[in-house]
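The opening residue of the sequence shown carries number 16 in our numbering; numbering runs sequentially from there.
Using N, Cα and C, we set each Cβ at its ideal position, and we do this for glycine too.
Source: prediction; values computed, not measured.
Quick notes on the structure that follows.
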Amino acid sequence: MTKWHVPQDRGLSWYERDGEAVVFNASSGRSHFLNAMTNEVLHYLEEEGPRDSDEIEAHIRSIVGEAEMPNLDQQVRGIVNGFLKQGLVDPWQG
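Right, here's the structure in full:
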C-alpha cells in the first residue's frame with residue numbers, strides 16, 4: 016500500500032482557527048483552505064511522517080470514534096488524492 020508524506024521542501028505555513036486552516040504552500044505559491052478533517056490529515060502526515068490510508072483512517076477514528084464515520088476509508092482516499100493533485104503530499108519512496 017502506498018504511503019504518503021509532506022516533503023520538507025513544501026514549506027507549509029499554517030493559519031488555524033476553530034479546527035480549520037489556511038495553508039500556504041511556499042513551493043507552489045498557493046494557499047489552501049482545509050476543513051477540520053483535511054486539516055487533521057495534513058497535520059498528521061506532516062508531523063508523523065509517511066503513512067498509508069489505513070494508518071490515516073485509524074488516526075481519524077481514534078479522534079472521532081469508530082461508529083461516527085462509516086465511509087471513512089473513501090473519505091481518506093479522497094482527501095489524499097486531493098492533496099496529491101494540489102501538490103501538498105507525495106508518495107513515499109523510502
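CB contact flag (residue i, residue j, <8 Å)
i   : j   : result
G64 : H20 : yes
N54 : A36 : yes
Reduced DSSP secondary structure (H/G/I, E/B, other) of residue i
i   : result
L87 : helix
V37 : strand
Cβ shell of residue i (< 6 Å), same chain only, five flanking positions each side left out
i   : result
E61 : V21
Candidates the options: closest to residue i by CA position
i    : options                : result
F48  : G109, G97 and I75      : G97
G102 : L57, I75 and D67       : L57
A189 : L27, D88, H74 and Q108 : What is shown of the chain runs 16 to 109, which leaves residue 189 out entirely.
D33  : M16, M52, G93 and R45  : M52
Strand pairing of residue i, partner residues [DSSP]
i   : result
K18 : D67
Close Cβ partners of residue i (< 8 Å) along its chain, the five nearest in sequence each way excluded
i   : result
M84 : I75, R76 and Q90
R66 : K18, W19, H20, Y59, L60 and H74
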